[in-house]
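Number of protein chains: 2
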Amino acid sequence: MRLALLGVGLIGGSIGLAARARGMAQVVGYDPDPSALAEALRLGAIEEAASSVSEAVAQADVVFVAAPVGAVQETIEAALAAAGPACAVSDVGSTKRAIVEAIADERFVGGHPLAGAETAGVEHARADLFEDAVWYLTPHGGAPGAADRVGALISALGAQPVRIATDAHDRLMARVSHLPHVLANVLVAGAVRALEREQGDLGDRLPAWAPSFRDATRVAGANTQVWVDIYLSNSEALVCAIDEAIEQLCEVRSALQTQDAGALRAWNDRAREQREQALDAASVENR
Amino acid sequence: MRLALLGVGLIGGSIGLAARARGMAQVVGYDPDPSALAEALRLGAIEEAASSVSEAVAQADVVFVAAPVGAVQETIEAALAAAGPACAVSDVGSTKRAIVEAIADERFVGGHPLAGAETAGVEHARADLFEDAVWYLTPHGGAPGAADRVGALISALGAQPVRIATDAHDRLMARVSHLPHVLANVLVAGAVRALEREQGDLGDRLPAWAPSFRDATRVAGANTQVWVDIYLSNSEALVCAIDEAIEQLCEVRSALQTQDAGALRAWNDRAREQREQALDAASVENR
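From first to last, the protein sequence lines stand for chains A and B.
So the mapping is simple: my numbering equals the position in the first sequence, first residue as 1, plus 7.
So the mapping is simple: my numbering equals the position in the second sequence, first residue as 1, plus 7.
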């Protein structure tokens, strides 16, 4: 089995390390950045550095496109143009509808591993990055061949392939990933504004953060290039998620203003049940 | 030095363990729940179990009231009624204005350690719970005696006493603790709603959560009895924080709808700076 990685950053590099550590495939890589490519070779994430997309893809059985969002579509198209008829091509982008609608080729299957959002670069790549991680696949059209091949490879890498419709994927991601990032930004902005406002009272003694704040803002201001592309490519679903959040905040606000302890208790108890429901749901996946 | 703990749950018990581990004080405890009191004695959090507030407080140099929010005011009042003229009385509640306004006695100083919000009960008490933690004190009136004595004791327990005005404390807590809790509830509710909506697409394959979601919702549905009291006692500041959050969400929403990449980039870059500013501020405290 011959595996081609187009883009050898954190995700591409980790796919290579995982595949090689398990002796699953011969791994060839290409990256427009020659120093990233050389580093991937040095770290053993790939065993062969190609000098072009077509050179990397020739003879490959499976191709993963792990390029920056802005370059994903053209890289997939270049890969499909160079790949053989039995080759499967997948990507690792965080939103799926735009790319899946743009690529009409049954050798392509959209993918999205839930792993490694915070660091970048092959120097952070790890052979165990996908261990037990959910890896969404959004097969479209009628041909299951590419999805089956990519799914089998993902399982062999230690991750769990989960098939999902593209729209459902993007709407769920809006709630479980994109909205948390938006709210992290909102929290730091509000806290810094309040901090500046209270400066007179605090003097040079600035407040420490509660653990809940530290956790909720861990992803604030995450990689702008990556995240602004994600927000824009999923703007419709994200706007809906924001609207629902505002609606809920208005309900809480009204209960606070009327000192409605019963409503707040019911709301908080429900959140505890919902959190358990969410964790149970996730644990089904993570078995 | 004789230290009285009124309420020997997680916080009271941890104060006792820390004081005894450092050989700082003779520690007496009282709790209306006899089994909690017996357990605190067994675990060594206290060395003497009193049968009433006044018995515990008699001869004490410093008293910490670590009772459930609903019982804090009456317990402080009972402690002050029984305490000698040189005794200092403090509490550990998460909001300060209501209690500080209710207690007009210069032996009292409001306190709030930033530690241990998630578990409860003396069985989770730890001698190092306050190690390097910020511990807010909100002295009011003109008498520094009580605040000095409590501050020295807090330092000796390994925490960092930070004096702050009551209103400033409550406004900051609204942003760095109470709003993150509200948003955690909002996130789980939105995610569960979306999950139910997509059930048709997902079948029995439920989605795993992104790490950002797991972190941001860790405190969702936290102890209802504790948190509804906190929300209600700080409703004014929390409503302001919610209003600012809604305002920011509307700005993001509008940038998403107009696909304004420049505005989103500037907003996200600003969030990264604000997060660094916030962490720098905290690290000043945590030195």
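Note that beta-carbon positions come from the ideal geometry of N, C-alpha and C, so glycine has one too.
- With a 10 Å radius around the Cβ and a threshold of 16 neighbouring Cβ atoms, Cys257 of chain A comes out exposed.
- Glu55 of chain B is bridged by DSSP to B:Val35.
- Cβ atoms of Val129 of chain A and Leu17 of chain A come within 8 Å of each other, at about 7 Å.
- Of the other Cβ atoms in all chains shown, 16 or more fall within 10 Å of the Cβ of Glu205 of chain B; this residue is therefore buried.
- In this chain, the beta strand (DSSP E) harbouring Leu12 of chain B covers 9-13.
- Taking 8 Å as the cut-off, the Cβ atoms of Ala43 of chain A and Gln80 of chain A do not count as close.
- In its chain, beyond the 5 residues on either side, Leu13, Gly14, Val79, Thr82, Ile83, Ala86, Val96, Ser97, Asp98, Val99 have a beta carbon closer than 8 Å to the beta carbon of Val72 of chain B.
- Boundaries of the beta strand (DSSP E) around Gln167 of chain B: 167-170.
- A straight-line Cα-Cα distance of about 10 Å links Val69 of chain B and Val34 of chain B.
- Judged by pairs of C-beta atoms under 8 Å, the segment 134-148 of chain A touches the segment 159-172 of chain A, as three or more such pairs exist.
- For Ile253 of chain A, a Cβ of chain B is located within less than 8 Å of the residue's own Cβ.
- Residue A:Ala270 holds the alpha-carbon nearest to the alpha-carbon of Trp234 of chain B among A:Met31, A:Ala270, A:Gln232.
- DSSP lists no bridge partner for Ser101 of chain A.
- The residue from A:Leu144, A:Ala244, A:Asn192 with its alpha-carbon nearest to that of Ser219 of chain B is A:Asn192.
- Within the same chain, Phe220, Ala223, Thr224, Ala227 come within 8 Å of Leu194 of chain B by CB-CB distance, once the 5 residues on both sides are set aside.
- Only residues of its own chain outside the window of five on either side were considered, and among them Val76, Gly77 have a CB closer than 7 Å to the CB of Asp236 of chain A, listed in chain order.
- Contact check for Ala217 of chain A and Ser21 of chain B: beta-carbon distance about 17 Å, past the 8 Å limit, so the pair fails to qualify.
- Taken through DSSP and simplified to helix, strand or coil, Gly228 of chain B comes out as coil.
- Put simply, of B:Leu263, B:Ala285, B:Val60, B:Ala154 the residue whose alpha carbon is nearest the alpha carbon of Ala89 of chain B is B:Val60.
- Exclusion of the five residues before and after Ala122 of chain B leaves Leu136, Phe137, Ala140 as the residues of its chain whose Cβ lies within less than 7 Å of its Cβ.
- The beta carbons of Ala248 of chain B and Ala196 of chain B sit no closer together than 8 Å.
- Listed along chain B, the residues sitting closer than 8 Å to Gly197 of chain A by beta-carbon distance are Arg182, Leu186, Ala248, Glu251, Ala252, Gln255.
- The Cβ atoms of Arg178 of chain A and Ala201 of chain B lie closer than 8 Å to each other.
- In this structure, DSSP gives Gly91 of chain A a state outside helix and strand, which the three-state scheme calls coil.
- Gly118 of chain A sits away from Thr173 of chain A, with the two beta carbons spaced by 8 Å or more.
- As the crow flies, the alpha-carbon of Gly91 of chain B is around 17 Å from that of Ala57 of chain B.
- Cβ-Cβ separation between Val246 of chain B and Arg260 of chain A: approximately 6 Å, consistent with a contact (criterion under 8 Å).
- Arg272 of chain A and Thr265 of chain B have their C-alpha atoms spaced approximately 38 Å apart.
- Contacts with chain B at 8 Å (Cβ-Cβ) do not include Leu164 of chain A.
- With respect to chain B, the C-beta atom of Gln80 of chain A has no partner C-beta closer than 8 Å.
- Beta-bridge analysis with DSSP links Pro120 of chain B to B:Trp142.
- Close to Tyr238 of chain A, with beta-carbon spacing below 7 Å, are these residues of chain B in chain order: Leu263, Leu271.
- By a beta-carbon distance limit of 8 Å, Gly30 of chain B does not contact Gly19 of chain B. Their separation comes to about 19 Å.
- A Cβ of chain B is located within less than 8 Å of the beta carbon of Val193 of chain A.
- Here Ala11 of chain B really is in contact with Ala67 of chain B; their C-beta atoms are around 4 Å apart, less than 8 Å.
- Under DSSP, Phe137 of chain B forms no beta bridge with any residue.
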